[in-house]
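In my numbering, the protein residues as written are 146 to 1164. The beta carbon of each residue, even a glycine, is placed where N, CA and C say it ideally should be. Here the structure is a predicted model, which means the values were calculated and not measured. For reference, the structure discussed in these notes is given below.
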């Protein structure tokens, strides 16, 4: 901590600074230091935590991130090393004076101390952080790709280096293919490459539909795209149309500003198209939870914070996440900035807890737009889902809805004859209500009836599919042993009276009758001890061989081949007047039985007249003459629901509704972003969602960034945010995107920390090049293909990746760009490459996610619900890795082995590990084994096999090694032909070659070639 200096410290200081002055005076004069390049990285890493933007951790009330504050406290005296407290502290020999303190483990190196001393001597000039300065196009005497070379050459000249020679044609061809389409070239592509020339060939690759697939991989990492919800049970969530939109956007070269606006605010655009609304699903791609017991408000806060992290990282290359709990310790982001940014997303219709305990900020039903349905049939649905139909599905849906509209109009037509029939029905019902004769009250008819009985997806049949006693459907139940169907009737219990007789209708199949039938009734005191049965005593419930109300025999099995009414007097199964039945079960042992129409024959007046709503029952108790017009209309409308003459219409409507439901279920969907009432957003002290003491904030971009004042504070929307993000005043977006693309094409970014262009990031190795690319990108109309083409056409890109010993020693990580870099293929492309060279690849673009082979039991710990993994056993098995089902908590193991991210958070750069698991995947994963055998079977010889994989012929030495491997494998497999047959049986496509041992031996060679470093590396 900086503090006042006593006499002893002054004496020490004079001694130290005298030594410093001697050292500094002997230093060789060098180029003037740059604060951003040379000084800020040191201060940010070693000093800003205690003397930076965050007032909560600031020591001695000293700031070193602001020049005026540093000078005011005499920590820095520009031009005067002897009087600068900073220089004294960093060079002190005494631990109690030394800064940074030894226990911080942030000690300065001698070189860093010398740089700080030089900087103070030169005047301690500060600069605004480079990434926050406006993008200005540097002057350069070249255009297009040549400008890139000019910037690179200028830096190399300063370093006394020069560019490497251009890569050979095969290497360059493979590099272009992997970088632009992600798929390897065929040997014949080399001829086409020579015929077309570089520029036309690049244009052809950029026009390939596979270009969008390759570009999508990194973007899906950034926007945390996955096929599951992430939290708790990590259940599936359909989102694949968003992936298709990303691919299509890159293929159609959608300008990046439009690409951005549509994702953040596509739903807010005037007359938004389905595609724009699909794009807006970006806002709902983050993890969500339906775990029981979670707090709604807590998860609302989590989701809003996650959107801030993702948006600020993916587009702004900024670590705003560090400002969620306090002001950023290194950059100018305040905690208030974080929550003002979150307020842009506060209008998104959602729950925090996707359970029965979660609440929307307003009723969603009034907000649902065309094509949006609520995924909320259960409490744990994920809210509004946007249907994304194909043209064929749209046409079918429109036809069905038109037919349904016509059927409903015909059903709702009211003629004088219909009114007369309604009056007669009303009179009959009055008679029923006044009668003292037993009455059949139908308690359960069709599933989903108004009595709200839950049927939980059991099998039902219509009259066309099986036997139905009455209504629309019956329960079909078939088994070789015990089976039952339990209906939960707890929402409307059936109260029995003395003398009541319960009944149900059954139809026993004549060719496959059951051995026993049982009706079970559950009382509201949680007891199932009320059962009646017919036939043989096979069902153990209540005790086989006993006679009691819990196991009461009613007789033999009823007749087969016709509907029969089973009757059970309530007294015989232990039910007494006033008891309430909350559940019932259709139970049988073996056979095929249709069950239908459950009810009670009763004298109880409450049940007279059938399933009459209370309001209709009340009207029928009045005299006809006293009814108002409104009451008479209600009787007519109720009669419409039960009128026998309208039964065909009701069935037609039910059929059409079922067809609409079936089609709607089949149509692909994405989570819909719908703008609703804004939630109140406060600064949460230390990120604590329960602390409501923070200031209420409004949607505003970070206060210090250019253009932030263009957004109106109280009215700003996500659309305002999106437009600001891609405004030319915003210095971060273009730099972030071009830096990330550069990293993909060269192995390193120009600024190498892709997710942090702030103080903890890295000063660009070629700042003028970065700004030239950013300016070129914006001035081209945010043209991504133009940017890609400009880079790959440069001589810098086309260099050999071979490093001389001198160059490797001078620049081991290729930061100076005197060569290209060898880059291992990303996880998706490792498998794509094997499928492509083997001829197995299914090149279809877009569509739902697919499931390649996966080890058995991998999902054994995936719960809520328990589930198994079923690999696709059709041509989907051979789709590109981009389309693999992305299970966040149990990512496909081959993907994981090659460092694909779980996508639980925005990922701007993948790790690149090298582990034995990767070799094992390449050798033993069924996808790779199947690719190897397909490659072996379709290759003419070992030379052809090698060339198909690596686009070049093997050298003599390589061919000799391959031949030796082939011969040794052939000899080994000749002694174990069963093993050879087993090898050829791996995978979905079986081989039955005439000479299995030879093909199996060649498969072993193919496995080795597919495992080569050269095979999975783009040079």
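Looking at residue 269 and residue 940, is the spacing between their C-beta atoms short of 9 angstroms? As a first step, residue 940 is located in the chain shown; it is residue number 795 there, counting from the start. As a first step, residue 269 is located in the chain shown; it is residue number 124 there, counting from the start. For residue 940 and residue 269, no; Cβs fall outside 9 angstroms.
### Query
Taking C-alpha atoms, which residue in 924, 296, 570 and 507 lies nearest to residue 786?
Along the chain shown, one-based indexing puts residue 786 at 641. That would be 570, whose Cα lies nearest to the Cα of residue 786.
>> Using CA atoms only, rank isn't needed, just tell me which of 1086, 1021 and 1027 is closest to residue 116.
In response: The question about residue 116 has no answer here: the residues shown for the chain are numbered 146 through 1164.
Restricting to runs no shorter than 3 residues, where is the beta strand (DSSP E) found entirely within the region 555-627? 584-589 and 605-607
_Using a Cβ-Cβ cutoff of less than 6 angstroms, which residues in the same chain neighbour residue 614 once the five nearest sequence positions on both sides are dropped?_
Within the chain shown, residue 614 is the residue found at index 469, counting from 1. Correct list, in chain order: 650, 708, 741 and 742.
Please return the same chain residues whose Cβ sits closer than 7 angstroms to the Cβ of residue 734, not counting the five positions on each side in sequence. Taking the first residue of the chain shown as position 1, residue 734 is located at position 589. Closer than 7 angstroms at the Cβ level, and outside the excluded window around residue 734, lie 626, 627, 659, 660, 661, 683 and 684.
Item to check | Those runs of the beta strand (DSSP E) which lie wholly inside the region 694-778 and span at least 3 residues | outcome: 697-700, 708-714 and 725-747
#### Entry: Pairwise C-alpha distance: residue 1023 and residue 985
Reading the chain shown from its first residue, position 840 is the one you call residue 985. Reading the chain shown from its first residue, position 878 is the one you call residue 1023. Looking at the two C-alpha atoms, the distance is approximately 6 angstroms.
With DSSP collapsed to three states, give me the class of residue 520. Working through the chain shown from its first residue, we reach residue 520 at position 375. Strand.
### Task
Taking all protein chains shown into account, decide if residue 279 is buried (16 or more other Cβ within 10 angstroms of its Cβ) or exposed.
Here residue 279 refers to the residue found at position 134 when the chain shown is read from its first residue. Residue 279 should be labelled exposed.
**OP:** Could you tell me the distance, in whole angstroms, from the CA atom of residue 206 to the CA atom of residue 196?
**Re:** What you label residue 206 is simply residue 61 of the chain shown in a count that begins at 1. What you label residue 196 is simply residue 51 of the chain shown in a count that begins at 1. The alpha-carbon atoms of residue 206 and residue 196 are separated by roughly 8 angstroms.
*asked:* With three or more beta-carbon pairs closer than 8 angstroms as the criterion, would you say the region 475-492 touches the region 831-847?
replied: yes
*asked:* Let me see if you follow: with CB-CB separation under 9 angstroms, is residue 286 close to chain B or not?
replied: Although the question refers to chain B, the structure presented lacks it and comprises just one protein chain.
**Message:** In the DSSP assignment, the beta strand (DSSP E) including residue 646 goes from what residue to what residue?
**Reply:** For the purposes of this step, residue 646 is identified with residue 501 of the chain shown, where counting begins at 1. Start and end: 646-653.
Between the Cα of residue 1068 and the Cα atoms of 506, 773, 1111 and 976, which residue gives the shortest distance? Position 923 of the chain shown holds residue 1068. For the residues 506, 773, 1111 and 976, the minimum Cα distance to residue 1068 belongs to 976.
- Item | Local conformation of residue 1012 per DSSP, three classes | Here residue 1012 refers to the residue found at position 867 when the chain shown is read from its first residue. DSSP places residue 1012 in coil when its eight states are reduced to three.
Exercise. Any idea what DSSP makes of residue 547, helix, strand or coil?
Worked result: For the purposes of this step, residue 547 is identified with residue 402 of the chain shown, where counting begins at 1. DSSP places residue 547 in helix when its eight states are reduced to three.
Tell me, please, which residues DSSP counts as bridged to residue 434. In the chain shown, the residue the question calls residue 434 occupies position 289. In the DSSP output, where bridge partners are listed per residue, residue 434 has 498.
| task | Note the first and the last residue of the continuous alpha helix (DSSP H) segment covering residue 328. | result | Position 183 of the chain shown holds residue 328. Neither: residue 328 is in no alpha helix (DSSP H) and is coded neither H nor E.
Checklist entry - Hey, how far is the Cα of residue 844 from the Cα of residue 487? => result As a first step, residue 844 must be located in the chain shown, where it is residue number 699. As a first step, residue 487 must be located in the chain shown, where it is residue number 342. When rounded, the distance between both Cα atoms is 7 angstroms.
Residue 1133 (DSSP reduced to helix, strand or coil)
Here residue 1133 corresponds to residue number 988 of the chain shown, with the count starting at 1. Residue state, collapsed to three classes: coil.
**OP:** Would you mind stating whether residue 1223 and residue 814 have Cβ atoms separated by less than 9 angstroms?
**Re:** The requested residue 1223 does not occur in the structure, where the chain is confined to residues 146 to 1164.
Query raised in the report: Buried or exposed: residue 691, going by 16 or more other Cβ atoms within 10 Å of its Cβ?
Result: As a position in the chain shown, residue 691 is number 546, starting the count at 1. With fewer than 16 other Cβ atoms within 10 Å, it is exposed.
Check your understanding: Got a sec, what are the start and stop residues for the alpha helix (DSSP H) residue 815 sits in?
Key -> On the chain shown, residue 815 is found 670 positions in, with the first residue counted as 1. Where residue 815 is concerned, there is no enclosing alpha helix (DSSP H), although the beta strand (DSSP E) it sits in stretches over 814-816.
Measuring alpha carbon to alpha carbon, tell me which residue in 329, 1082 and 183 is nearest residue 1162.
In the chain shown, counting from the first residue as 1, residue 1162 sits at position 1017. Out of 329, 1082 and 183, 329 has the C-alpha closest to the C-alpha of residue 1162.
| Would you say residue 1027 and residue 365 are within 9 angstroms of each other, going by their C-beta atoms? | Taking the chain shown and counting its residues from 1, the one referred to as residue 1027 is at position 882. Taking the chain shown and counting its residues from 1, the one referred to as residue 365 is at position 220. Yes, they are a contact pair.
Close-in-space but distant-in-sequence residues of the same chain around residue 357 (CB under 7 angstroms, 5 per side omitted)
Taking the chain shown and counting its residues from 1, one reaches residue 357 at position 212. Correct list, in chain order: 392, 393, 395 and 396.
*asked:* Quick check on residue 238: buried or exposed, where buried means 16 or more other Cβ atoms within 10 Å of its Cβ?
replied: Taking the first residue of the chain shown as position 1, residue 238 is located at position 93. By the 10 Å Cβ count, residue 238 comes out exposed.
* Asked: Which residue from 711, 705 and 706 puts its Cα closest to that of residue 698?
  -> For the purposes of this step, residue 698 is taken as the residue at position 553 of the chain shown. Ranking the options by Cα distance to residue 698, first place goes to 711.
Exercise for the section: Verify whether the separation of the beta carbon atoms of residue 612 and residue 739 is less than 9 angstroms. Expected result: Sequence index remark: in the chain shown, residue 612 carries index 467 (1-based). Sequence index remark: in the chain shown, residue 739 carries index 594 (1-based). Yes. Within cutoff.
For this session: Indicate whether residue 1061 and residue 1000 have their beta-carbon atoms separated by less than 9 angstroms.
Result: For this step, residue 1061 is matched to residue 916 along the chain shown. For this step, residue 1000 is matched to residue 855 along the chain shown. No, Cβ-Cβ distance for residue 1061 and residue 1000 is not below 9 angstroms.
Exercise for the section: Please report how far the alpha carbon of residue 850 lies from the alpha carbon of residue 252, in whole angstroms. Expected result: As a working mapping, residue 850 is identified with position 705 in the chain shown. As a working mapping, residue 252 is identified with position 107 in the chain shown. Whole-angstrom Cα-Cα distance: 32 angstroms.
- Cβ separation of residue 1186 and residue 1104, assumed to be a contact under 8 angstroms, to the nearest whole Å: Any property of residue 1186 remains undetermined from this structure, which presents the chain solely from 146 to 1164.
Going by C-alpha to C-alpha distance, which of 231, 282 and 274 sits closest to residue 261? Reading the chain shown from its first residue, position 116 is the one you call residue 261. With distances taken between Cα atoms, residue 261 lies closest to 231.
Check: What number of angstroms, rounded off, separates the C-alpha of residue 1160 from the C-alpha of residue 313?
Finding: In the chain shown, counting from the first residue as 1, residue 1160 sits at position 1015. In the chain shown, counting from the first residue as 1, residue 313 sits at position 168. For residue 1160 and residue 313, the distance between alpha carbons rounds to 17 angstroms.
Short of 7 angstroms in beta carbon distance, which residues of its chain neighbour residue 747, apart from the five on each side in sequence? Order them along the chain.
Residue numbering aside, residue 747 sits at position 602 when the chain shown is read from its first letter. If we look at residue 747 and ignore the five residues flanking it on each side, its Cβ neighbours are 583, 584, 586, 642 and 645.
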